[in-house]
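J.: Here it is, the structure in full.
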Amino acid sequence: MAPTIGYWPIRALVDPILLCMHQLKQSYRIKHYKFGGPPDHLGNEWPVDKERLGLTYPNIPYLIDGDVKVTQCLAILRYIGRKYNFGPKSEEEIIRSDIFEQGAHEMLYTCFRVWYVDTEEELNKAKPHLHPYLRQRLEQTSTALGSNRFILGDRMTYVDCLLYSVLDYIRLYDEDYLSRNQNLRDFLDRIESLPEIKKYHESKRFSRFPICAPNARWGNNQST
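This is how it looks when you write it as structure tokens:
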């Protein structure tokens, strides 16, 4: 039976998980929870499932694969990596993978802290602080990636899917951020040209937006 992945109808934290499943040609069932109104936008379904599904640290995204129940984005990605041989193998690869994983995750949550503010005024105030941070982190990521096709060389892993999602969000937010890093732009193109990813991106199951929830100041619809 195909695993069930539960999340909001946005990309945010679930995008790299779905990229992994498509690249690995693994079927899955997606359970989208509808947003409710302000202030919390939680809706009616998720608060009920949160209590009844028997999840450790109840949260979304979640993945239910038979008797296995996993929550938290990085934990799900690592589970996929282990189950489908889609992760690092040697100690050297594990160390490199962990560094990229945490670096990409940090960039994502730093962006979220800027995008999830209450007013446009707060967003505009936060933007100048985000700029030098992203410039530095993207330059460091570019240097660390070097001329590799993927993070671990010629073999793709789940961390490539995570890095792709984060870089794509940043590119959609402001494409100028990647203007100095040709190898990061090439990396995005390389992932998008993979047959299974290309097929997914061209399907009705995928949309570039929304990235964020309705209460975000950026990324909550295609016009932002």
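Under the UniProt record's numbering, the first residue of the sequence shown is numbered 1, with each subsequent residue one higher. All C-beta atoms in this analysis are idealised placements derived from N, C-alpha and C, irrespective of residue type, glycine included.
Give a yes or no on contact between the segment 87-103 and the segment 30-37, applying the rule of three or more CB pairs nearer than 8 Å.
T.: Not touching, per the Cβ criterion.
J.: With a Cβ-Cβ cutoff of 9 Å, do L167 and E93 count as a contact?
T.: No, the pair does not count as a contact, with Cβ atoms beyond the cut-off.
J.: Closer than 7 Å by C-beta to H22: which residues in its own chain qualify, once you throw out the five before and the five after it? Chain order, please.
T.: E196, I197, Y200, listed in sequence order.
J.: Which one of Y84, P9, L24, L178 has the shortest CA to CA distance from K204?
T.: It is P9 whose Cα lies nearest to the Cα of K204.
J.: Go ahead and label G6 buried or exposed: buried means 16 or more other beta carbons lie within 10 angstroms of its beta carbon, across all protein chains shown.
T.: Result: buried.
J.: Near A12, which residues of its chain fall below 7 Å by C-beta distance, leaving aside the five closest residues on each side in sequence?
T.: Once the five neighbours on either side are set aside, the close Cβ partners of A12 are I211, C212.
J.: Thinking just about the alpha-carbon of each residue, which of S27, L55, Y84, I60 is nearest to the one in L42?
T.: Per the Cα distances, I60.
J.: Below 7 Å CB to CB, which residues in the same chain sit around T224 once its five sequence neighbours on both sides are set aside?
T.: With a pLDDT of 45 at T224, under the threshold of 50, the modelled position of this residue cannot be trusted, and the question is left open.
J.: Among F209, A216, N215, M156, which residue has its Cα nearest to the Cα of L188?
T.: The option with the nearest alpha carbon to L188 is M156.
J.: My assumption, with CB atoms under 8 Å, is that Q74 sits in contact with C20. Please give the rounded CB distance.
T.: Before going further, note that residue 74 is Leu rather than Gln in the sequence given. With 8 Å as the limit, L74 and C20 do not qualify as a contact, their Cβ atoms being about 12 Å apart.
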